[in-house]
Structures are given as C-alpha cells and as structure tokens.
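Going letter by letter, the sequence shown gives residues 34 to 143 in my numbering. A virtual CB, placed ideally from N, CA and C, is assigned to each residue, including glycine.
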Amino acid sequence: MSTNRRKADFSFILNNGIKVVGSTHVLFCAKTYNCNKISVGIIVSKKLGNAAKRNRIKRRLRAVVQNIFPENSPCYNYVIIGRKKTLYCPFNQLINDFRYSIRKLNALFN
C-alpha cells in the first residue's frame with residue numbers, strides 16, 4: 034500500500050472519483066491504470082482542530098486503512114477526508130463505517 038503525496042494525485046481522485054459519505058469520513062475512489070498496489074491519501078482540514086487533533090485523526094484513519102482495505106483489489110486510488118466525529122467515536126464504529134463505505138463503493142463500481 035502506498036500513499037498519495039502529490040497534488041495532482043489528490044486532484045485527479047477528487048475530480049474523477051466516486052464519492053461515498055460516511056458519518057466519520059468522506060471516501061473518494063478512482064480506478065487507476067497502475068495496478069501494482071492500492072494508493073491512499075488522507076486529508077484533514079485545519080478547521081477540525083490544532084495539529085495534535087489533526088494528527089490523531091490521521092493516525093486513526095491510517096489504522097483503519099491497514100485493517101480494512103483489501104489488498105486483492107489494487108487497481109484503485111483512495112482519498113479519505115476526515116471529519117470531526119473521527120476523533121471521538123469508538124474505533125469499532127470507525128471500522129464499521131468504513132466497511133459500509135467500501136460495500137457502497139463495490140456496489141457502485143459493479
């Protein structure tokens with residue numbers, strides 16, 4: 034699994050991808066032509082809090098990505114936008130919310 038770091042990667046996924054809104058995040062997904070591995074980028078806005086809170090949200094989202102995202106569908110790029118609820122909700126609820134979002138994405142792509 035790799036990370037999106039360039040602005041062009043984020044812009045492509047946000048403009049051309051499918052959007053699924055969850056209670057703890059907003060998930061964008063776009064197919065890619067490079068089918069080597071999954072690529073994930075995380076965005077957390079400054080309006081969600083100071084640097085410590087934003088970093089905690091990013092850490093929680095990264096932990097969910099490592100637990101949830103399937104390694105057997107490597108032709109997709111993801112961008113996850115964290116929300117305020119990500120900081121305070123129980124981790125199990127966060128995982129369930131991501132599973133629901135992935136099911137919605139699979140239904141939209143298939």
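Look at residue i and residue j and say whether their C-beta atoms are less than 7 Å apart.
i           : j           : result
residue 108 : residue 70  : no
residue 98  : residue 74  : no
residue 115 : residue 90  : yes
residue 72  : residue 110 : yes
Take residue i and list the residues in its own chain whose beta-carbon comes closer than 8 Å to its own, dropping the five residues that flank it on each side.
i          : result
residue 52 : 59, 60, 61
Quick one: does the C-beta of residue i sit closer than 6 Å to a heavy atom of the ligand NAP?
i          : result
residue 79 : As for the ligand NAP, it is missing from this structure, which has no ligand bound.
With DSSP as the reference, please indicate the residues paired to residue i in a beta bridge.
i          : result
residue 64 : 109
Excluding the 5 residues flanking residue i on each side, which residues of the same chain have their C-beta closer than 6 Å to its C-beta?
i           : result
residue 117 : 81
Straight-line CA distance for residue i to residue j?
i           : j           : result
residue 85  : residue 93  : 12 Å
residue 67  : residue 126 : 32 Å
residue 42  : residue 123 : 30 Å
residue 56  : residue 130 : 7 Å
residue 133 : residue 102 : 12 Å
residue 83  : residue 95  : 19 Å
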